[in-house]
Each structure stands twice: as C-alpha cells, then as structure tokens.
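A.B. asks:
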Amino acid sequence: QQQVKQSPQSLIVQKGGISIINCAYENTAFDYFPWYQQFPGKGPALLIAIRPDVSEKKEGRFTISFNKSAKQFSLHIMDSQPGDSATYFCAASTETSYDKVIFGPGTSLSVIP
Amino acid sequence: NAGVMQNPRHLVRRRGQEARLRCSPMKGHSHVYWYRQLPEEGLKFMVYLQKENIIDESGMPKERFSAEFPKEGPSILRIQQVVRGDSAAYFCASAVLAVGNEQFFGPGTRLTVL
Chain B
1 QQQVKQSPQS LIVQKGGISI INCAYENTAF DYFPWYQQFP GKGPALLIAI
51 RPDVSEKKEG RFTISFNKSA KQFSLHIMDS QPGDSATYFC AASTETSYDK
101 VIFGPGTSLS VIP
Chain P
1 NAGVMQNPRH LVRRRGQEAR LRCSPMKGHS HVYWYRQLPE EGLKFMVYLQ
51 KENIIDESGM PKERFSAEFP KEGPSILRIQ QVVRGDSAAY FCASAVLAVG
101 NEQFFGPGTR LTVL
C-alpha cells in the first residue's frame, strides 16, 4: 500500500515533443505529490509538486495532472529540450514532515535533437 | 543559504571496513532523511531523524547500519563491516516542517565496496 508505481521506465522524445510520465498510488492517505528531477551524478531536485485539492498545476513547460478518484497523476513536459534529459521520479507522502517520501522507480528521459 | 552538504562525495572501502557518511542540512532545517539509491533504481527510504532523535528507521537494515543526528554537528550514517552489496549512492535530504514535506537533497555520497 506504500508503493508508488511509475511508467514508462525509459522514454525517448524528439526535441519539441511532449514527454509524458505516469504514476499511480494506492494509499489514500497520501496528500502531497512531488516530482523530482535527477541528472547523472547529482542529487534529486524538486521540480514541481501538487496537492489533491487541484487537478492540474503548471509551471512553465511542466504540468502535473492529478486524478484523485483514479489515484493517478502524471507529468507532462511540453516542448521537450535536450537539457530535460534526466531521470524523473514521482513521489508521494503526507503533508506533515513526520512521514517519509515514497518514490517511484524513476523514468529515464532522453530528448534527442 | 548553502544547500544540503554531504561528504565525502566518493568513498571507497574494502569489505569489512567501516563507512561514515556525513550530512549537513540546510540552515534552519531540523529534519534529516537518508535514502539509498542502487544503480538503475529509485530512492529507498532508510531513516528519518530530528536533532538527537531517530523518528523512523523502518528502512534501515537491522544489522551493521546506524544513524545519528547530534545536537551539534552533521548527521552521520554509519555502515559497519561493509559488504559489496552496500555499494550504492546514499542521499541525505532535509526539510522544514512549516512548509509541508518539501525535502531538499544533497549531492550524495557514492560508496564503492571493493
């Protein structure tokens, strides 16, 4: 019940295309859903996050869509660029700091020119 | 405001030796989390600490691993009698309770056990 599932495992997108990564969770107590971006040799960095009181959040080229009834959420990267090539992790937790963040297994994104 | 700092960045140990990994949280952060990342895998929670207290260690192996976050100084993750399977990247994150559960990660320590 603590799992976060993520797909696809890897993704290749042409420059200018849309990258879509999907995640699903089971624990209905989760109420905070961050996405992290990790470049090789670096630590994960928070990219964007959403709480379940909204169905969509957009920051620049990055959009999170959230479907509370289906317990699914996704990341869309519009106009994908080679610099977006990284590993993306979806995650879930409760909003208090007294809980750990549960990470999905990650999606390796390659944006080709 | 410096970010989360971890040292060393790379650590090589022979089987049976001890590994000590250090993490200095961001200024003002009193919550520290340790994660392990195996090659081609996601991050797995290990332990959550506040100053002088272990809050949740449900992800820590029962033997050889320990963690502390003293009143003064960095948080330490200690691995005794390392084995090859301990080779991984170990990340520390810190958080401030007041802003929900946003965790800020350090650059990681890459442990290689020969």
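Residue numbers (my numbering), protein chains in the order written: chain B, 1 to 113; chain P, 1 to 114. Every residue gets a Cβ at the ideal spot worked out from N, C-alpha and C, and that includes glycine.
Throw me the rounded Cβ distance for the P:Gly59 and P:Phe69 pair, which I believe falls under 8 Å.
C.D. replies: Residue mapping note: residue 59 of chain P aligns to position 59 of the second sequence, counting from 1. Residue mapping note: residue 69 of chain P aligns to position 69 of the second sequence, counting from 1. Contact doesn't hold; Cβ gap of about 16 Å is too wide.
A.B. asks: Using beta-carbon positions only, say whether P:Tyr33 and P:Ala93 come within less than 7 Å of one another.
C.D. replies: Reading the second sequence from its first residue, position 33 is the one you call residue 33 of chain P. Reading the second sequence from its first residue, position 93 is the one you call residue 93 of chain P. Yes.
A.B. asks: In whole angstroms, what separates the C-alpha of P:Cys23 from that of B:Ser80?
C.D. replies: As a working mapping, residue 23 of chain P is identified with position 23 in the second sequence. As a working mapping, residue 80 of chain B is identified with position 80 in the first sequence. Roughly 34 Å separates the two Cα atoms.
A.B. asks: If the cut-off is 9 Å on Cβ atoms, which residues from the region 37-69 of chain B count as contacting chain P, listed in chain order?
C.D. replies: So the list reads Gln38, Gly41, Lys42, Gly43, Pro44, Ala45, Leu46, Ala49 and Arg51, given in the order they occur along the chain.
A.B. asks: Taking any Cβ of chain B, which residues in the region 21-43 of chain P have a Cβ under 7 Å from it, in chain order?
C.D. replies: Cβ contacts with chain B come from His31, Tyr33, Glu41, Gly42 and Leu43.
A.B. asks: List the residues of chain P whose Cβ lies closer than 9 Å to the Cβ of B:Phe89, in chain order.
C.D. replies: What you label residue 89 of chain B is simply residue 89 of the first sequence in a count that begins at 1. Under the 9 Å cutoff, chain P gives Gly42 and Leu43.
A.B. asks: Just how far apart, CA to CA, sit B:Gly104 and B:Val4?
C.D. replies: What you label residue 104 of chain B is simply residue 104 of the first sequence in a count that begins at 1. What you label residue 4 of chain B is simply residue 4 of the first sequence in a count that begins at 1. Between B:Gly104 and B:Val4, the C-alpha separation is close to 5 Å.
A.B. asks: Could you tell me which chain P residues have their CB closer than 7 Å to the CB of B:Gly106, listed as they occur along the chain?
C.D. replies: Counting from one through the first sequence, the residue named residue 106 of chain B turns up at place 106. Here the neighbours are Gly42.
A.B. asks: Could you check which residue in P:Tyr35, P:Glu41 and P:Gln17 has the C-alpha nearest to that of P:Tyr90?
C.D. replies: What you label residue 90 of chain P is simply residue 90 of the second sequence in a count that begins at 1. Here the closest residue by C-alpha is P:Tyr35.
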